[in-house]
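Here is the structure we will look at.
2 protein chains.
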Amino acid sequence: MTDPIAYLGPRLKEIRMKTGLSLREIARQLEVSPSFVSQIENGKSQPSVATLYALAKLLSVPVDVLFESAGDPVAAPTKANDLEVNRNNFDHPTDVWDSSRARISAVNPNNRSIITMDSGVTWERLAATSEESVNFMEIVYEPGAETNKSGDMIFHDGFEYGYALAGELEVTIGDLVLQLSPGHSMGFDSSIPHRFRNTGSTQFRGIWFVHGHNVDHS
Amino acid sequence: MTDPIAYLGPRLKEIRMKTGLSLREIARQLEVSPSFVSQIENGKSQPSVATLYALAKLLSVPVDVLFESAGDPVAAPTKANDLEVNRNNFDHPTDVWDSSRARISAVNPNNRSIITMDSGVTWERLAATSEESVNFMEIVYEPGAETNKSGDMIFHDGFEYGYALAGELEVTIGDLVLQLSPGHSMGFDSSIPHRFRNTGSTQFRGIWFVHGHNVDHS
DNA sequence: GCTAGATGTTCTCTCCTAGTTAACACCAGC
DNA sequence: GCTGGTGTTAACTAGGAGAGAACATCTAGC
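So the protein lines, in turn, are chains A and B. Just so you know, my numbering puts 37 at position 33 of the first sequence, and the rest follows in order with no gaps. Just so you know, my numbering puts 194 at position 190 of the second sequence, and the rest follows in order with no gaps.
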């Protein structure tokens, strides 16, 4: 069995990264030297219980998660890393917001980050956590608006989930066409070409969740 | 605030007592000297992280409960080793539904899979895609209902996102307590201990999205 | 280009403390 | 009385928790 204590360092680093805090900032708040934090993260030294506890508290994480084996031994594949498909041209709602992200994010409706598309489509961010490639948002389609003014279908990595709050939305996924009415919901593999269109005469609003495959990455 | 580390010793003793194990027996299994265990229990010395972890493991208790100020119900097993960590009772909404999952999933409100918890909490599945460790659902908290009847906070791998449709929900995440009203939304790293509670007099309903770290796996 | 400020890392060194051994006092049952 | 169990405390030591300084990168600004 693999010693969980051996993973403590990497695990700490992983969690610290998510918080966006620098090693030196941690050291400052913990009142220890930066070098020591580095030594801990690299497994060259071990903290005392007091330091361990303070560390967990600082990262607002139960002590136990520090012992969990960090994710998967994601031995980075040497090859597949360099480039993805040319999905850059597609504008899909991943990582398009500003950079403010945290481990806990609460948003009230009057204070959302909003992105307005030229095509009568609006995304309002509902939460900005430290997860990348993840978007939780309210989407608004004005009457006549559609995903792509060109009418083309789009596809991208990951999955997409939606819940209709108000109005009607015509959802096309692959061959499937369905009408989303308030209370209806759906989810699909977004590598299937898809398109949304508000064919009705009233505004459509829905709760949307979109994420890529690699929800977290080192 | 009183230092939780000061309570570590007494806490250990308390838990050990419940297991019926002698101090010397602990020392034997831990492969340390009995005197040292005594010193730890009396706060005259502190264990290293390794010893602390081994200790928690031996008592089959999460490390965190060693820091709790004594008095809380520990649910310690009567004999060591016959029970696992009492974290198992935590049910969190991942992979609890039936197996029907597809690449495209559309659900209308009258035809949802529903899980009713004993505590007045209901989950209604909004989509069932082929993704594992992912749940998109409408959650309902009746007045007075809470995540855990015991009042304990829960934590698990992954992230959690919510949008309030109706009613009020008291959300506790780590130290943070916030009131979720209709239109409000939030997201957080679910490894931070959290708890939800409907403190109001009306039913709470919200759109929830929960996923583990490993969103897809081959 | 240079500087000034961040970032994380890797040395070397010191002092503290985790953990030891010993002897201690208390019980049971034989 | 012994012999086995229990927990406690003193004196000691070896090892590692943690500091300090110098290191190599970066990025931003002049």
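Backbone N, C-alpha and C fix where the C-beta goes; we use that ideal spot for every residue, glycine too. This structure is a prediction, so every number in the text was calculated from the model and none was measured.
Interface partners of residue i on chain A, CB under 7 Å
i, result
"N112 of chain B", "H188"
"S195 of chain B", "V65, V69"
"I211 of chain B", "Y167, I211"
"F40 of chain B", "Ordered by position in chain A, no residue passes the 7 Å Cβ test against F40 of chain B, which lies about 14 Å from the chain."
"L56 of chain B", "V53"
Where residue i meets chain A, residues with beta-carbon distance less than 9 Å
i, result
"G178 of chain B", "S64, V65, R107, I108"
N- and C-terminal bounds of the beta strand (DSSP E) containing residue i
i, result
"Y165 of chain B", "163-170"
"T126 of chain A", "125-131"
"I211 of chain B", "208-215"
"Q183 of chain A", "180-184"
"R201 of chain B", "198-201"
"A110 of chain B", "108-111"
"S189 of chain A", "189-193"
"V41 of chain A", "V41 of chain A -> not in any beta strand (DSSP E); alpha helix (DSSP H) instead, spanning 38-45."
"I177 of chain B", "173-177"
Beta carbon of residue i nearer than 9 Å to that of residue j
i, j, result
"G1 of chain A", "K48 of chain A", "Here chain A covers residues 5 to 222 and nothing more, so residue 1 of chain A does not appear."
"H215 of chain A", "F159 of chain A", "no"
"S154 of chain B", "A131 of chain B", "no"
"V69 of chain A", "F163 of chain B", "no"
"V67 of chain A", "S195 of chain B", "no"
"V125 of chain A", "E142 of chain A", "no"
"T206 of chain B", "G166 of chain B", "no"
"F213 of chain A", "F140 of chain B", "yes"
"G148 of chain B", "L173 of chain B", "no"
"A54 of chain A", "Q43 of chain B", "no"
"L187 of chain A", "A168 of chain A", "Per the sequence presented here, residue 187 of chain A reads as Gly, with Leu not at that position. Yes, Cβ-Cβ distance for G187 of chain A and A168 of chain A is below 9 Å."
"D161 of chain B", "T133 of chain A", "no"
"R200 of chain B", "V144 of chain B", "Residue identity differs from the one stated: residue 200 of chain B is Phe in this sequence, not Arg. Cβ atoms of F200 of chain B and V144 of chain B: not closer than 9 Å."
"L56 of chain A", "I30 of chain A", "no"
"A58 of chain A", "L34 of chain A", "yes"
"V41 of chain A", "S189 of chain B", "no"
Residue interval of the alpha helix (DSSP H) (run including residue i)
i, result
"V53 of chain B", "53-62"
"G13 of chain A", "12-23"
"I143 of chain A", "Looking at the DSSP string, I143 of chain A is not in any alpha helix (DSSP H); the run it does join, the beta strand (DSSP E), is 138-145."
"L27 of chain B", "27-34"
Per-residue contacts from residue i into chain A (C-beta, under 8 Å)
i, result
"P51 of chain B", "V53"
"G182 of chain B", "The sequence shown places Leu at residue 182 of chain B, rather than the Gly named in the question. Residues of chain A passing the Cβ test: A110."
"L34 of chain B", "Correct list: empty, because the minimum Cβ distance to chain A is about 14 Å."
Neighbour-count burial assignment, residue i, 16 or more Cβ in a 10 Å radius
i, result
"K22 of chain A", "buried"
"V28 of chain A", "Strictly speaking, residue 28 of chain A in this sequence is Arg, with Val absent from that position. Looking at its Cβ environment, which holds fewer than 16 other Cβ atoms inside 10 Å, R28 of chain A is exposed."
"A84 of chain A", "Only weak support is given to the placement of A84 of chain A: the predicted model assigns it a pLDDT of 23, under 50, and the question is left unresolved by the model."
"L180 of chain A", "exposed"
"N46 of chain A", "exposed"
"I177 of chain A", "buried"
"E135 of chain A", "buried"
"N202 of chain B", "buried"
"A10 of chain A", "exposed"
"D76 of chain A", "The pLDDT assigned to D76 of chain A is 33, lower than 50, so where the model puts this residue is not dependable; a value taken from the coordinates is nonetheless given after this. The residue in question, D76 of chain A, is exposed, as its Cβ has fewer than 16 Cβ neighbours within 10 Å."
"I118 of chain B", "exposed"
"L16 of chain A", "buried"
"P81 of chain B", "Because the pLDDT of P81 of chain B is 30, which lies under 50, any placement of that residue in the model is unreliable, and the number read from its coordinates should be weighed accordingly. So P81 of chain B counts as buried."
Proximal residues of chain B, C-beta to C-beta of residue i below 7 Å
i, result
"T133 of chain A", "F163, G191, F192, D193"
"F3 of chain A", "This structure does not reach residue 3 of chain A, given that chain A is present from 5 up to 222, and the question cannot be answered."
"F200 of chain A", "Per Cβ cutoff of 7 Å: no residues; F200 of chain A is ~13 Å from chain B at best."
"L173 of chain A", "Ordered by position in chain B, no residue passes the 7 Å Cβ test against L173 of chain A, which lies about 12 Å from the chain."
Partner residues on chain B for residue i, Cβ-Cβ distance less than 9 Å
i, result
"K22 of chain A", "D193"
"L25 of chain A", "The contacting residues do not exist; L25 of chain A stays about 14 Å from chain B at best."
"F159 of chain A", "Within chain B, no residue comes near F159 of chain A; the closest Cβ sits about 12 Å away, beyond 9 Å."
Closer than 8 Å at the beta carbon, the chain B residues around residue i
i, result
"L59 of chain A", "What L59 of chain A touches in chain B: nothing, since even the nearest Cβ is about 10 Å away."
Residue i: CB within 8 Å of a non-hydrogen atom of the ligand GDP
i, result
"Y165 of chain A", "Questions concerning the ligand GDP fall outside what the structure shown contains, since it holds no ligand whatsoever."
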